[in-house]
Structure formats: structure tokens, C-alpha cells
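Trainee: Here's a structure for you.
Number of protein chains: 2
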Amino acid sequence: MHKKNEEIQKRHSLIKHLISSDDIYNQTQLAKLLKQNKITVTQATLSRDLFELGVVRVPSPNGNVYRISPDENKNAFQYRIAEEVISIDSNESLIVIKTYTGRAQGVALFIDRQNSNEILGTIAGDDTIIVVPKSGTTIIKLVNELKTLLGIK
Amino acid sequence: MHKKNEEIQKRHSLIKHLISSDDIYNQTQLAKLLKQNKITVTQATLSRDLFELGVVRVPSPNGNVYRISPDENKNAFQYRIAEEVISIDSNESLIVIKTYTGRAQGVALFIDRQNSNEILGTIAGDDTIIVVPKSGTTIIKLVNELKTLLGIK
DNA sequence: TTATTGAATGCATAATTATACATAATTTTG
DNA sequence: CAAAATTATGTATAATTATGCATTCAATAA
């Protein structure tokens, strides 16, 4: 992976940025915007790019527009979340997640969002989160689930 | 609104059903499925229908497929949620939501999913939910937000 | 009932998107 | 390094989707 891949990633990244900030109604329009940013590709390439990026096309008042898929956002978010977590440990009844200072709230929010059926609730301080499992849940299992979720280890 | 509108609603309803249960790759395919259900329309009409229904087109391993938009699901869900809530009250530091028996977990889940920036967490029993606001949040404001969210009053 | 209005739809086709194929660029293998 | 294999992309065009216009049909008014 060298020059070429970097360019592709850069293009993909820019595509996502453009889609997030502007209303893109078609691929020709997207090509023009890319060109303004010194990236010149054809509509055909964009068709492939959008597919690979999982970009969705959704009805809006002025016609169909392209949007980053919710899943994509989720993954992007998950990636950043992983960087903020230091450790996940547990005793017989609770799970404790340590994060970098000031990050606990955000990580806890992310966990809440997953609306797991195994979690009763979370409480977050500044750098610590306590996860309370629902009764009937195996702690070990939930710990592993959280590790997977947060992309740890 | 009589015969005509009923037919349209019926078609729209069937379209949503078909999209939910099958992978629909294009409008011609959708037209054929509708025809099998005694509803005959052209691709042009389906193009308009899909737009009106807010149906999104999303990349899948085998090509782009049509899917019911998350928003659409959300609204449908929200509608049912409203039916389950009895009351929303609060004291100076907590909000208590009363639901019909056995519904609290589901409603709490729904609230968690909104990942509000004003909610620290929720704890749900059988018919009661306790919502813990983040410090710095006005209870009144959050109560109103929850009412709007749940479609109460 | 008949006339009028507006919505819904089909038809024809424009606009947009996807893709087969050829080529070039990049990476890998020996 | 040269050859082989893989990947990316443009071109041309096929496939799909969207839409202007005309028509039909249901709803409403007279």
C-alpha cells in the first residue's frame, strides 16, 4: 500500500466530507466538487467509490441526495472510541472501564447507544465507567462483548 | 379520500412490506413482485412511490438495494412507544416515567437510543423508569424533551 | 347529473448510474 | 530487475431511474 492507496483514501475521505457538508444530488456534481479540490476522476469511479463507501441515497425535499450511512458513522465513531479506553475489568457483579481523563462520559454514551440486552445501565465519572449488567447476564460474556464493541485487545 | 387513496396506501404498504422482506435491487424487480400481488404499475410510478416513502438505496454485497429508511422505522416505533407511557414527572434531580406493566425496559431502551446529551443514564424496572440527567441540565427542559420524544401531551 | 378541478399514472425519453472491457499503474513473485 | 498478477480507472455503453407531458379517473362543485 503506497502512493496509490493514499490517493484513494484521500479521495474517499474527501467524498465523505463533501457528502457530510453539502447536499450532493448526483455523481456529476460530486465529480465537480472533487475537481475543485484537485482530485479528478470520472463519474464511473465515483459510482464505484460510493458503493465501496456504503454511501446511501435518500429522498430529500429537493430530490435524492447522498448521505453517509448510519453504520458508517457508527464505525467511524467506534474507531475513535477505542483510542479513549485504557482497560476493562470486572468483579463478580460489575464491570469497570477506565478511560483517559474526561473521556468516560463519551464512551459511556457510546455503550448506551448499543442498547445491549445485557446492560442495565452505566454510570460515568471523569475517567471511569461502571457498567451494571442485567441480572441473568454472565459478566465474562458481557466483558467480551464490550471489548469487541470497543475494539479492545 | 376513497377508493383511489386506498389503493395507493395499499400499494405503498405492500412496497414497504416487500422491501422489508426481500432484497429489491431495482424498480423493475419491484414492479414484478407487485404484479404477483395483483398490483400493476409502471416503473415510473414506483420511482415516485419510493421517493414519497423515503425509501433509501444502500450498497449491499450484491449491489444497491432498497431499504426502509431508519427514520421511517423510528417514527413507527415512536408511535408505539407513546402508547406505553402513562406519565412523566420529576423532582429536583430525577425524572420518573411510569409505563404500563412490563413496558418500562422497552421504553428506557428507546430513550437510551436517542443518546441525548442531557441524560446521564436510565434505570428501568417493570413499570417505572428513572432518568438521571447530566449535571448542568435543567430538569424542566429535559422533561419537555422527553415528552416531545415520546409524543406525550 | 354534468362540469370542473386536481391527483395519479402511463408513455416516451432525458438524466443518471452501473458495468464490461481495455489499459495503465502498482504490487508481488521469482 | 523482469515477469506475472492484481488493482484502479477511463471509455463506451448498458441498465436503471427520474420526469415532462398528456390522459384518465376520482372527488367536488354547481
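Respectively, the protein sequence lines represent chains E and R.
Counting from 1, one number per residue, gives the positions in the first sequence under this note's numbering.
Counting from 1001, one number per residue, gives the positions in the second sequence under this note's numbering.
Even for Gly, the Cβ is constructed at its ideal location relative to N, Cα and C.
Using a C-beta to C-beta distance shorter than 7 Å, which residues of chain R count as neighbours of E:T99?
Mentor: The premise fails here: E:T99 is roughly 16 Å from chain R at the closest Cβ pair, so nothing lies under 7 Å.
Trainee: Assign E:A44 to buried or exposed, taking buried as 16 or more other Cβ atoms, counted over all protein chains shown, within 10 Å of its Cβ.
Mentor: Per the 10 Å Cβ criterion, exposed.
Trainee: From E:P61 to R:S1087, what distance separates their C-alpha atoms?
Mentor: Taking the straight line joining both Cα atoms gives about 35 Å.
Trainee: Indicate whether at least one CB of chain R lies closer than 9 Å to the CB of E:I39.
Mentor: By this cut-off, E:I39 is not an interface position.
Trainee: Would you say E:N26 reaches chain R, if we count a Cβ-Cβ gap shorter than 9 Å as a contact?
Mentor: Not an interface residue.
Trainee: For E:K16, name the three-state secondary structure that DSSP assigns.
Mentor: Helix, per DSSP.
Trainee: What in chain E is Cβ-close to R:S1069, meaning under 7 Å?
Mentor: What R:S1069 touches in chain E: V58.
Trainee: The alpha helix (DSSP H) spanning E:T28 covers which residue range?
Mentor: Counting along the chain, the alpha helix (DSSP H) containing E:T28 begins and ends at 27 to 36.
Trainee: Step through the CB atoms of chain R and report whether any lies within less than 9 Å of the CB of E:A76.
Mentor: Here the model assigns E:A76 a pLDDT of 47, short of 50, so the residue's position is not dependable, and the following value carries that caveat. False, the Cβ-Cβ gap to chain R never drops below 9 Å.
Trainee: Give me the DSSP bridge partner(s) of R:N1064.
Mentor: Answer by DSSP bridge pairing, in chain order: R:P1059.
Trainee: Measuring alpha carbon to alpha carbon, tell me which residue in R:R1067, R:G1136, R:V1085 is nearest R:R1157.
Mentor: There is no way to answer for residue 1157 of chain R, as the model of chain R reaches only from 1001 to 1153.
Trainee: I'd like the list of long-range same chain contacts for R:A1076, defined as Cβ closer than 6 Å, with 5 residues on each side in sequence excluded.
Mentor: Caution applies to R:A1076, whose pLDDT of 46 falls short of 50 and renders its modelled position unreliable; the value that the coordinates give is listed next. None.
Trainee: By Cβ distance below 6 Å, which residues in the same chain neighbour R:L1142 in space, the five residues on each side in sequence not counted?
Mentor: Result list for R:L1142: E1118, P1133, in chain order.
Trainee: Is DSSP giving E:D49 helix, strand or coil here?
Mentor: In the structure shown, E:D49 sits in a helix (DSSP, three-state: H, G or I).
Trainee: When we look at the beta-carbon of E:T28 and count the other beta-carbons within 10 Å, is it buried (16 or more) or exposed?
Mentor: When all chains shown are included, E:T28 counts as exposed.
Trainee: Between R:T1101 and the rest of its own chain, which residues show a CB-CB distance below 8 Å, the 5 nearest in sequence each way excluded?
Mentor: Correct list, in chain order: D1126, D1127.
Trainee: Under the DSSP definition of a beta bridge, which residues are partnered with R:S1087?
Mentor: Per DSSP, R:K1098.
Trainee: Just to confirm, is the Cβ distance from R:V1065 to R:I1095 under 9 Å?
Mentor: Their beta carbons are not under 9 Å apart, which means R:V1065 does not touch R:I1095 by this criterion.
Trainee: Show which residues of chain R have a CB atom less than 9 Å away from the CB atom of E:L120.
Mentor: What E:L120 touches in chain R: I1123, A1124.
Trainee: Measuring only between beta-carbons, confirm whether R:L1150 sits less than 9 Å from chain E.
Mentor: R:L1150 does not count as touching chain E.
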